[in-house]
Amino acid sequence: MIRKELKALVKAVETKVGKSIPISSDFEKLAQIFSKYHISLQPLALKKVWTYVTGAEKPSTDVLDKLALFVGFQSWKDFQNALHGDDDGQTNYDV
Numbered sequence: 001m002i003r004k005e006l007k008a009l010v011k012a013v014e015t016k017v018g019k020s021i022p023i024s025s026d027f028e029k030l031a032q033i034f035s036k037y038h039i040s041l042q043p044l045a046l047k048k049v050w051t052y053v054t055g056a057e058k059p060s061t062d063v064l065d066k067l068a069l070f071v072g073f074q075s076w077k078d079f080q081n082a083l084h085g086d087d088d089g090q091t092n093y094d095v
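Heads up: the sequence shown runs through residues 1 to 95, numbered per full-length UniProt numbering.
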């Protein structure tokens, strides 16, 4: 279940960034984009997320919370709730 939700989060990040981000991507540049929004994520942490989507490592909750924040949610849990219709949308920052 988490992999499907994580794919949705990765897709939301790619939509906000405006491009698809392949595993071979420069995650330094992606980390710089996050820093413009005052969200600190290490390039290695970002790479782990994209790697997990393809079947390898599982990212930490802290990293998932920051990715969810970047796409307009207060936390990974709020993003999951919005995906499953358990949320009224009020926890989304992009109103």
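C-beta: ideal position from N, C-alpha, C; glycine also.
Remember, it's a predicted structure, so these values are computed and weren't measured experimentally.
Beta carbon of residue i nearer than 7 angstroms to that of residue j
{"i": "V17", "j": "L67", "result": "no"}
{"i": "D65", "j": "W50", "result": "no"}
{"i": "P22", "j": "A31", "result": "no"}
Cβ neighbours of residue i in the same chain (closer than 7 angstroms, five flanking residues each side left out)
{"i": "L83", "result": "E5, A8"}
{"i": "V95", "result": "A caution first: V95 carries a pLDDT of 39, below 50, which makes its placement in the model unreliable, though a value can still be read off. Same-chain partners within the cutoff: there are none."}
Close-in-space but distant-in-sequence residues of the same chain around residue i (CB under 8 angstroms, 5 per side omitted)
{"i": "T61", "result": "W76"}
{"i": "S20", "result": "E14"}
Residue i versus residue j: straight-line alpha-carbon distance, rounded
{"i": "Y52", "j": "H38", "result": "24 angstroms"}
{"i": "F73", "j": "F79", "result": "6 angstroms"}
{"i": "E28", "j": "G85", "result": "34 angstroms"}
{"i": "S25", "j": "L46", "result": "10 angstroms"}
{"i": "I2", "j": "V10", "result": "12 angstroms"}
{"i": "L69", "j": "V63", "result": "10 angstroms"}
{"i": "V71", "j": "G55", "result": "23 angstroms"}
Where residue i falls: helix, strand or coil (DSSP)
{"i": "K19", "result": "coil"}
{"i": "V13", "result": "helix"}
6 angstroms Cβ shell around residue i - same chain, five flanking residues per side excluded
{"i": "L41", "result": "A31, F34, K66"}
Worksheet item: If you scan the region 22-84 from start to end, which runs of the alpha helix (DSSP H) of 4 or more residues do you find wholly inside it?
Response: 27-36, 43-53, 61-70, 76-83
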